[in-house]
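> Below is one structure. I have some questions about it.
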Amino acid sequence: MRVVGEIGERTAFEDSSIVRTEQARDGCGRAIKQECMSMRNRSNLGRRWTSRRGQDVHDRFEADRWRGRDRANRRVALEVLEPRLLLDGMSIPASTFARFEGQIDAPGDSAAFTINIDPQDFSFTRDTGILGFHVFSDSGLDPAAVRIRDDGGALVMPRYAASDVGQTAGSMVHADLGTGLFTLEVTGDGDTSGAFHLDVALLGDINGDRMVDLGDREAMRDLFRSQGYSTSADANRDGVLTSSDYLVLLRNVGDSTTVQPLLIELALTPAPDVLPDGSLVAAAPALRIDGTVVNHAALLVTLVQTFDGVVAPQNAVAGADGGFQFDVDLEPGANQIEVTATNDFGQSFVHVTEIDLVSDELPTIGILVPEDGAEVLAGAVIPVSVEVAAPAGVDRVELRSGDVLEIDGEAPFEFDFEVPVDPGEIALRVTVFDTQGRSAGDTVNLTVLEDDAAPMVMFVSPADGGSIAAGARRTVRVFASDDARVAEVELSVDGSRVGSDAEAPFEFPFTAPSELGPITFSATATDPSGNTSIATAIVEVVADSEPPTAMISAAGTQSTSTDYIDVVFSEPVIDFTPSSYELSVVGGPNDGQRVEIPSVEELNDRTARVNLGNVLANGDYRFDIGASVTDLAGNPLSDPRSFDFTIARPVRITQFDPLHGEEMVSVTRDVIVRFDGPVDPETVDAESFYVIANGVRLPGRIRVSSTEQFMTFFPDDAFDPSTEVRIVVEASDSIMGRDGLAIDPDGDGNPGGTAVADFRTLPLRRIAGTNVTGFVFDSYNVNPDGSDRPVIGATIRVDDFPEANVVTDENGFFILVDMPAPEFFIHIDGSTATNAPEGTSYPNVGKRFHSVAGVETPLSMNGEPFHIYLPPVASEDMQSLSQTEMTEVGFGPAGKAELAAMFPDLDPATFELLSATFAPGAAMDDQGNVATEATILPVPPDRIPAPLPPMLAPPLVISVQTPGASSFDVPVPISFPNLEGLAPGEKSLILSFDHAAGEWVFAANGTVSADGSMLVSDPGEGLRAPGWHTPDP
């Protein structure tokens, strides 16, 4: 259906039905009333919760359009046949597959929603997927918490939680969820209340196709390398694009959902009339509603018709195509039609439409102000207000007086009428038109009195007899009034017109001349009848001798660092060149050292932004402004020209390992806390860094790395299985940064505070019949027939169950019997193998195995079976690690021979570019014993101990072996040959297989060298542990 024309100010349509298209995900639409809410679980923990009811939002018509000045642009609220989404509201991120709308009525209340994660709608490559729940306020509410409860009411531990996300009034929670029913609880912060919306996302779905796959990886990689930012690429929705987003994407790769935001299409037959304000009026009581639920099948569609307080409900089940139909008998007056569709996931979309059935009563109108016979002054503007009654609905109200016509299309129907300047009698006629074209009118007669009084005018500034500095920029302010009104004030200086102003306050920008001496300001005020008055002010132009002053943005002590300083002057200045500004270090070993200032931006003629070469480190600084900075008159800057300030940004926590909210953690896992700066090891003790389980602090050892940028807790005993464990870092009076400040664990920008991170260990109850089988093969060598060569005699050690250990047989086969489910950790000890090639041995690898309770299954990852491959480590490839100086380790002879077989067409010199640089004593075990040798092995990507994530396909994977060491106390810088041909300066990620966590993780950022030959880990970053590593291609 489409608009075909206008008939008597009403719209005609080509057929007899109206099609409306609305989307729940985009908030409440225009032209109709509607609700956006979840219909499930309104009980809300015993609190009263109401849905978010959209206010009437209609296309409004500006007065100018109704006065005939823009009639061509008049349009009705919707066009149809090809439905258009006429919506107000916010955009929805591509990865959001469901949106809920709600309202918190009073401080302390909560809103709750029930969701159903059905295996028919969700596919997880593991037993769970990471879903993100992001709640935002619609009007100032700060949702402080989003909690998730399972079907039994128990809280689900989040993987990540944050409030004030991206400096907005919003909160988010990430959680690993499997199939089943869950309740989402939203509470307000402090004394706030109001409407909000809650988005549900499959984290890592960058391109919005409801699955996490290679396309998402490519989109994120391009943004990461270009150092750009995109809301859609922000996988964890924390407001910044970092490697953490990439890790979330890795975790969810292969996951998908068929759920989409609800979309409802409705058609009304016969078509009601659409009034200019968007309201609907029907001429007959019988109305048929045909609808379709698009995107996802609806379980149930309900209709509630309300009129004069009477409620009439109807129910319908949507067909296979989502279609449904209702027949409604409208009652005289206002009818509210509410249609609700609910899908399997738990979303509900409520579409509310108000339709008025035409009344037979005629409209009435009466003029309230002015009274009949009133006297009005010529040229004055007088208010005209009317009282209107139109049972069939008001289309418009017109005001006429002679040739003057004004139109108002919405209540309260008021006009500002300009009285003619000619004295005499005039008539004002108002007419109301209802939606059926019927009209009624009223008239008042007025007497227009002659206006012969001149306006009053005077200068506010500058004052008569005052002075102004040569070249100064000022605002000239004039006060004027009149019995009728002031039509215009004109300003002249020494007889030359400066400008005019028709509305109070009467103000004029003015720049004083450079010549000294008196100037005369003249202000002429005129009323509509032509009466005028003139005011003058004689002002002396004097030499500008007032020096400008300055203040800087980095005053005092700053708890955050910066890479620029804003300088704000009291008046316009000249000289925005870098050489006019200087920043230097005060005190310490670098006392007097200058900080590079590459550029200065002129934000405006009074503000300079001084850009610094780097973000300022903690310390004392002095900022100086040169003598060349003057005002426009040449007056030099007054003191102070030198400003001292301090950067005192406390050290912050960058990562907990295990992560907050991490599930299925190995009971033998160590606890690591990483910082963005060095801490003083002497201030780290068992009172400031500890681990709690079952309400008790666990005994263990604490070690601060030699870089002083991470600390590790080694528990004396393995964690209990199926146990929630809390990591606590307190800094109120203890952990100090090397800058002398207490660290900032809670990230609020202030020294001190406490941070906690919770994780849960995996269950370790052995289950009869839960068996896992697998094979261990050689990564390099094959049998004469081309089949995989088995590794015989390798020991499969099961964490916490040494009695379950097994040894691979002559086929490399093993079977683990009666294992825990759904996961457990093992170590594959290749050193016990009996058939390693001469001069070699196989390494030790830690892994996470998956199992199914009561079932025998082969090894699998992300649902795909796999074999374990171990590379033989040649003793001749081992290099000694110096305990006194840096040691560069690269490929040995055996490794280079393997590379020649893997890459026969590449210049062997290419692989000389790969090297890892070990600091003295960097490779050590948990007891602090230092490894003495290391080697690097090339490994075919398809023959490693565990498959790469499905979206990774690097040409080369390496294994860094440091016998006896479990971690690197100092990150090991690494360089890879640039086999992917990335551009110089391009960014990439370096990934490592974390044997303790059993998954691929981020290790370091990398940058392509200036000559394009290598990908080099960024300064201060590198490998954190021995094992398997690869750049993200």
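Residue numbers (our numbering): 2 to 1034. Positions of the beta carbon are idealized from the N, C-alpha and C atoms, including for glycine.
Identify the continuous alpha helix (DSSP H) that holds Leu638 and give its terminal residues.
Neither: Leu638 is in no alpha helix (DSSP H) and is coded neither H nor E.
> Kindly indicate which three-state DSSP category Pro859 falls into: helix, strand or coil?
Pro859: strand per DSSP, three-state reduction.
> Expressed to the nearest angstrom, what Euclidean distance is found between the alpha-carbon atoms of Glu1022 and Ile673?
When rounded, the distance between both Cα atoms is 16 Å.
> Could you give the C-beta distance for Tyr582 and Val611, rounded to a whole number, given that I count them as a contact under 8 Å?
With a Cβ gap of about 5 Å, Tyr582 and Val611 count as contacting.
> Note down, one range per segment and in chain order, each alpha helix (DSSP H) of at least 4 residues found wholly within the stretch 865 to 939.
With a minimum length of 4 residues, the continuous alpha helix (DSSP H) runs that stay inside the stretch 865 to 939 are 894 to 903.
> From the DSSP secondary-structure annotation, give me the bridge partner or partners of Met1015.
Looking at the DSSP assignment, Met1015 forms a beta bridge with Pro978.
> Just how far apart, CA to CA, sit Thr343 and Gly334?
Roughly 29 Å between the two C-alpha positions.
> Using a 10 Å radius around the Cβ and a threshold of 16 neighbouring Cβ atoms, would you call Glu362 buried or exposed?
Under this definition Glu362 is an exposed residue.
> Are Ile736 and Val685 closer than 9 Å when you measure CB to CB?
Yes. Within cutoff.
> The beta strand (DSSP E) spanning Ala854 covers which residue range?
First-last for Ala854: undefined, no H or E at that position.
> Who pairs with Val301 in a beta bridge, going by DSSP?
Note on identity: in this sequence residue 301 is Leu, with Val being the wrong assignment. Note: Leu301 sits in a beta bridge opposite Thr343.
> Could you give the residue range of the beta strand (DSSP E) that holds Gln962?
Segment Val958 to Gln962, the beta strand (DSSP E) holding Gln962.
> Give a yes or no on whether the C-beta atoms belonging to Ile827 and Asp810 are separated by under 9 Å.
Not a contact, by the Cβ cut-off of 9 Å.
> Which of helix, strand or coil does DSSP assign to Glu602?
Looking at Glu602 - three-state DSSP - the assignment turns out to be strand.
> Check whether the Cβ atoms of Ala391 and Asp435 sit closer than 9 Å, and answer yes or no.
A contact, by the Cβ cut-off of 9 Å.
> Could you name the residues of the same chain whose beta carbon sits closer than 8 Å to that of Val136, not counting the 5 residues immediately before and after it, in chain order?
Excluding residues within five positions, the ones whose Cβ falls inside 8 Å are Pro144, Val147, Gly171, Ser172, Met173, Val187, Phe197, His198, Leu199 and Asp200.
> Which parts of the stretch 670 to 722 are runs of the beta strand (DSSP E), unbroken and 3 residues or longer, counting only runs that do not cross its ends?
List check, beta strand (DSSP E) in window: 672 to 676, 690 to 694, 701 to 705 and 711 to 716.
> Do Tyr843 and Pro873 have their C-beta atoms closer together than 9 Å?
Yes; because the gap between Cβ atoms is below 9 Å, this pair is in contact.
> Using the rule of at least 16 other Cβ atoms within 10 Å of the residue's Cβ for burial, across every protein chain shown, is Ser876 buried or exposed?
With fewer than 16 other Cβ atoms within 10 Å, it is exposed.
> I'd like to check one pair, Leu660 with Tyr622: are the Cβ atoms closer than 9 Å?
No, the Cβ-Cβ distance between Tyr622 and Leu660 is not below 9 Å.
> Can you grab the Cα-Cα spacing for the pair Asn605 / Phe646, in whole Å?
Distance between the alpha carbons of Asn605 and Phe646 is about 24 Å.
> Within the stretch 499 to 580, note down every full beta strand (DSSP E) run reaching 3 residues or more, in order along the chain.
The qualifying runs are 507 to 512, 518 to 527, 533 to 543, 551 to 553, 557 to 559 and 565 to 570.
> Going by Cα to Cα distance, which pick from Leu132, Pro421, Leu429 and Val587 is closest to Ala381?
It is Pro421 whose Cα lies nearest to the Cα of Ala381.
> Can you tell me where the beta strand (DSSP E) with Met459 in it begins and where it stops?
Taken as a continuous stretch (DSSP letters only), the beta strand (DSSP E) holding Met459 covers Met457 to Ser462.
> Can you tell me the Cα-Cα spacing of Ala428 and Glu388, whole angstroms?
Between Ala428 and Glu388, the C-alpha separation is close to 18 Å.
> Just the Cα atoms here: how many angstroms apart are Asp717 and Asp671?
Cα to Cα, the separation comes out at about 10 Å.
> Taking DSSP as the reference, what is the three-state secondary structure of Arg252?
Helix at Arg252.
> With DSSP run on the structure shown, which of helix, strand or coil describes Ser52?
Summary for Ser52: the model assigns pLDDT 26, below 50, so the residue's position carries little reliability, and this model does not support an answer.
> Quick check: the Cα distance between Ala1026 and Leu983, rounded to an integer number of angstroms?
So the two alpha carbons sit approximately 26 Å from each other.
> For Ala470, does the count of other Cβ atoms within 10 angstroms reach 16, so buried, or fall short, so exposed?
Flag for Ala470 reads buried.
> For Arg761, which of Gly813, Asn695, Gly770 and Leu263 has the nearest alpha-carbon?
Per the Cα distances, Asn695.
> In chain order, what residues of the same chain lie with their CB nearer than 6 Å to the CB of Phe867, ignoring the 5 residues before and after it?
Around Phe867: Leu860 and Pro948.
> Given 8 Å as the limit, is there contact between the stretch 1007 to 1021 and the stretch 969 to 989, that is, 3 or more CB pairs closer than that?
They touch, by the three-pair rule.
> Quick check: the Cα distance between Ser788 and Val890, rounded to an integer number of angstroms?
Approximately 33 Å between the Cα atoms of the pair.
> Express the C-alpha separation of Val543 and Gly496 in angstroms, rounding to a whole number.
Whole-angstrom Cα-Cα distance: 20 Å.
> With DSSP as the reference, label Gly831 as helix, strand or coil.
If DSSP states are grouped into helix, strand and coil, Gly831 belongs with the helices.
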